[in-house]
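J.: Dropping a structure here in C-alpha coordinates format, bear with me for questions.
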Amino acid sequence: MKYHERIRALRIAHHETQQQLADLLATSQQAYLKYEKGVNEMPIHRIITLCEHYNISADYLLGLIDDPRPLK
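So that you can map any letter, position 33 of the sequence shown is 314 in our numbering, and since no number is skipped, the others follow by simple counting.
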(Lines of atoms letter the chains of each structure in order from A; the text may use other names.)
(Lines give C-alpha, C1' and ligand atoms only; values in the text may rest on other atoms or scores of the structure.)
Protein backbone atom coordinates (compact mmCIF):
# COMPACT_ATOMS: atom_id res chain seq x y z
CA MET A 282 0.00 0.00 0.00
CA LYS A 283 1.36 3.41 -0.95
CA TYR A 284 1.57 6.11 1.69
CA HIS A 285 -1.17 8.25 0.15
CA GLU A 286 -3.51 5.26 0.36
CA ARG A 287 -2.42 4.64 3.94
CA ILE A 288 -3.09 8.20 5.08
CA ARG A 289 -6.59 8.00 3.60
CA ALA A 290 -7.23 4.62 5.27
CA LEU A 291 -6.02 5.95 8.64
CA ARG A 292 -8.20 9.05 8.35
CA ILE A 293 -11.28 6.99 7.57
CA ALA A 294 -10.54 4.42 10.30
CA HIS A 295 -10.31 7.26 12.84
CA HIS A 296 -13.52 8.90 11.58
CA GLU A 297 -11.76 12.13 10.70
CA THR A 298 -12.49 14.52 7.86
CA GLN A 299 -10.02 15.87 5.38
CA GLN A 300 -10.58 19.30 6.92
CA GLN A 301 -9.66 18.02 10.39
CA LEU A 302 -6.40 16.59 9.06
CA ALA A 303 -5.71 19.75 7.07
CA ASP A 304 -6.16 21.79 10.25
CA LEU A 305 -3.82 19.45 12.15
CA LEU A 306 -1.21 19.81 9.40
CA ALA A 307 -1.71 23.59 9.12
CA THR A 308 -2.62 23.39 5.44
CA SER A 309 -5.73 23.73 3.31
CA GLN A 310 -8.23 20.98 2.68
CA GLN A 311 -7.37 21.15 -1.02
CA ALA A 312 -3.66 20.66 -0.31
CA TYR A 313 -4.43 17.72 1.99
CA LEU A 314 -6.65 16.19 -0.69
CA LYS A 315 -3.71 16.30 -3.12
CA TYR A 316 -1.55 14.40 -0.58
CA GLU A 317 -4.27 11.79 -0.13
CA LYS A 318 -4.69 11.33 -3.87
CA GLY A 319 -0.94 11.09 -4.42
CA VAL A 320 -0.84 14.19 -6.62
CA ASN A 321 1.62 16.01 -4.32
CA GLU A 322 4.31 14.60 -2.04
CA MET A 323 3.79 15.26 1.65
CA PRO A 324 6.64 17.16 3.36
CA ILE A 325 8.50 15.28 6.09
CA HIS A 326 7.33 17.63 8.86
CA ARG A 327 3.73 16.74 8.01
CA ILE A 328 4.54 13.02 7.92
CA ILE A 329 6.03 13.37 11.40
CA THR A 330 2.90 15.15 12.61
CA LEU A 331 0.68 12.34 11.30
CA CYS A 332 2.89 9.70 12.92
CA GLU A 333 2.59 11.48 16.25
CA HIS A 334 -1.14 12.00 15.80
CA TYR A 335 -1.82 8.34 15.07
CA ASN A 336 1.02 7.03 17.29
CA ILE A 337 2.49 4.97 14.46
CA SER A 338 5.93 4.53 12.97
CA ALA A 339 6.91 6.41 9.83
CA ASP A 340 7.80 3.05 8.25
CA TYR A 341 4.15 2.02 8.55
CA LEU A 342 2.81 5.33 7.26
CA LEU A 343 5.17 5.20 4.30
CA GLY A 344 4.10 1.64 3.45
CA LEU A 345 7.47 0.06 4.18
CA ILE A 346 6.02 -2.31 6.80
CA ASP A 347 2.51 -3.58 7.45
CA ASP A 348 2.67 -3.56 11.27
CA PRO A 349 1.56 -0.18 12.71
CA ARG A 350 4.14 -0.15 15.48
CA PRO A 351 3.49 2.53 18.08
CA LEU A 352 6.00 5.28 18.63
CA LYS A 353 8.29 4.67 21.55
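Positions of the beta carbon are idealized from the N, C-alpha and C atoms, including for glycine.
Here the structure is a predicted model, which means the values were calculated and not measured.
Have a look at Gln300, Leu305 and Thr298 and flag the residue whose alpha-carbon is nearest the alpha-carbon of His334.
T.: The count along the sequence shown starts at 1 and reaches residue 334 at position 53. The shortest Cα separation from His334 among Gln300, Leu305 and Thr298 belongs to Leu305.
J.: Would you kindly work out how many angstroms separate the C-alpha atoms of Asn321 and Pro349, rounded to a whole number?
T.: Taking the sequence shown and counting its residues from 1, the one referred to as residue 321 is at position 40. Taking the sequence shown and counting its residues from 1, the one referred to as residue 349 is at position 68. The straight-line gap from Cα to Cα measures roughly 24 Å.
J.: So the alpha helix (DSSP H) Lys327 belongs to, where does it begin and stop?
T.: Counting from 1 along the sequence shown, the entry for residue 327 is found at position 46. Reading off the sequence shown, one finds Arg at residue 327, where the question assumed Lys. Residues Ile325 to Tyr335.
J.: Which residue's Cα is closest to the Cα of Ile288: Thr308, Leu314, Ala307 and Ser309?
T.: Numbered from its first residue, the sequence shown carries residue 288 at position 7. For Ile288, the nearest C-alpha among the options comes from Leu314.
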